[in-house]
Amino acid sequence: MQMKFLMAGILSTLLLCGCTSYHLGEQVFSTMDSALTYQKMMYQEEVDKVDSRRHFGGSILIVVPSDQLLLQPPFVTGNPEPELQQYFLTLYKQDFAAVKSAVEKSNMFDSVDVRQVESYLSYSKKYGYRYLALSNGDGSWTIHDLYLGQKKVTSFPKDFAVRIDLLESIIAEFEATQSSEQLLSSYTPVNEYFYFDETTHTGYLSVSDPGMKSRYWMLRKIADFTAAKQPNSGAEKLLSSRLFTVADEHIQDGVFTIEFESDINQP
Numbered sequence: 004m005q006m007k008f009l010m011a012g013i014l015s016t017l018l019l020c021g022c023t024s025y026h027l028g029e030q031v032f033s034t035m036d037s038a039l040t041y042q043k044m045m046y047q048e049e050v051d052k053v054d055s056r057r058h059f060g061g062s063i064l065i066v067v068p069s070d071q072l073l074l075q076p077p078f079v080t081g082n083p084e085p086e087l088q089q090y091f092l093t094l095y096k097q098d099f100a101a102v103k104s105a106v107e108k109s110n111m112f113d114s115v116d117v118r119q120v121e122s123y124l125s126y127s128k129k130y131g132y133r134y135l136a137l138s139n140g141d142g143s144w145t146i147h148d149l150y151l152g153q154k155k156v157t158s159f160p161k162d163f164a165v166r167i168d169l170l171e172s173i174i175a176e177f178e179a180t181q182s183s184e185q186l187l188s189s190y191t192p193v194n195e196y197f198y199f200d201e202t203t204h205t206g207y208l209s210v211s212d213p214g215m216k217s218r219y220w221m222l223r224k225i226a227d228f229t230a231a232k233q234p235n236s237g238a239e240k241l242l243s244s245r246l247f248t249v250a251d252e253h254i255q256d257g258v259f260t261i262e263f264e265s266d267i268n269q270p
């Protein structure tokens, strides 16, 4: 999903003259590391307030603009020195990482990815993401349902929990038109191959038909498998627990492979 950072006030108060100071809200820091550490702590407190929401399934891609774009308006104004450029970039990337953590904690999707990709529409369609989230740099985000070809632009407040509320309502509107379960109703995998290592709790799943339905089906199969490996998981937990992490995915010679790490607690 995408939401907006706490950056608007942060960047507008950064001092760029004399001895560099690093401002985060009303806090002033003499070193970059101390400011960045404070930002991470501040975000973690916000993420901790997020609770589990309705499980929609599918996957969402949160796109981080390129470094070049992050150093241009509306993200950054003026011409900061190289050290401050690095500070800006790290601030924004930590912000996107916190957004990812908040969305994961909500358990709304089977997978949440954050990537810097320029051709994000081509990339997200190639790898079968159902949802795409883009920061517009002005406090607003555009949320796409790529299967339906619909999108909605909304502004997200500072509070992460409220951002999740808004994201949930947007996805619910999309789902009312075409649910993720309906997405799979006519899907049959081609050349399915599944592997899992009981020692390392890692594995992969591949099929010979890349695309949106394939990726969603693969993620659900991995979720079903890892839920079955989890003692006392139950059907309800399957839909609300995040039992695996996507480690890597690639398409080669028409074969779509998702590698995963299990998050289950073995007895």
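To convert, count from 1 in the sequence shown and add 3; that's our numbering.
Where a beta carbon is used, it is the ideal one built from N, C-alpha and C, also for glycine.
Cross-strand partners of residue i (DSSP beta bridge)
{"i": "V79", "result": "Note: V79 sits in no beta bridge, so no partner."}
{"i": "A136", "result": "I65, I146"}
{"i": "T260", "result": "S209, H253"}
{"i": "V117", "result": "I65"}
{"i": "L246", "result": "None, per the DSSP bridge assignment."}
{"i": "S265", "result": "F247"}
Cβ-based neighbour list, residue i, same chain, cut-off 6 Å, excluding 5 preceding and 5 following
{"i": "F199", "result": "G206"}
{"i": "Q181", "result": "L151"}
{"i": "A238", "result": "Low confidence applies to A238: its pLDDT is 44, below 50, so where it sits in the model is not reliable enough to give any reading."}
{"i": "S265", "result": "H204, T229, F247"}
{"i": "I174", "result": "F59"}
{"i": "A38", "result": "Y25, L27, F32"}
Any non-hydrogen atom of the ligand FMN closer than 7 Å to residue i Cβ
{"i": "I65", "result": "The model on display carries no ligand, and the ligand FMN is accordingly not part of it."}
Range of the contiguous alpha helix (DSSP H) that encloses residue i
{"i": "L73", "result": "70-73"}
{"i": "Y95", "result": "85-109"}
{"i": "E171", "result": "163-180"}
{"i": "L39", "result": "35-51"}
First through last residue of the beta strand (DSSP E) which encompasses residue i
{"i": "T157", "result": "153-158"}
{"i": "Q30", "result": "30-32"}
Buried or exposed by the 16-neighbour rule on C-beta atoms within 10 Å, applied to residue i
{"i": "L19", "result": "At L19, the pLDDT of 38 sits below 50, so the modelled position is not reliable and the matter cannot be decided from this model."}
{"i": "Y219", "result": "buried"}
{"i": "M44", "result": "exposed"}
{"i": "D98", "result": "buried"}
{"i": "L124", "result": "exposed"}
For residue i, the three-state DSSP class (helix, strand or coil)
{"i": "Q233", "result": "coil"}
{"i": "E184", "result": "helix"}
{"i": "R218", "result": "helix"}
{"i": "L208", "result": "strand"}
{"i": "S122", "result": "coil"}
{"i": "F59", "result": "coil"}
{"i": "D200", "result": "strand"}
{"i": "T23", "result": "coil"}
{"i": "F228", "result": "helix"}
Own chain, CB closer than 7 Å to residue i, minus 5 neighbours either side, in chain order
{"i": "Q153", "result": "F177"}
{"i": "N272", "result": "Nothing can be reported for residue 272, as the shown portion of the chain is limited to 4 through 270."}
Own chain partners of residue i with C-beta closer than 8 Å, once the 5 adjacent residues on each side are dropped
{"i": "S109", "result": "V53, D54, S55, R56, I167, L170, E171"}
{"i": "I254", "result": "K129, Y130, P213, T260"}
{"i": "L92", "result": "D70, L73, L74"}
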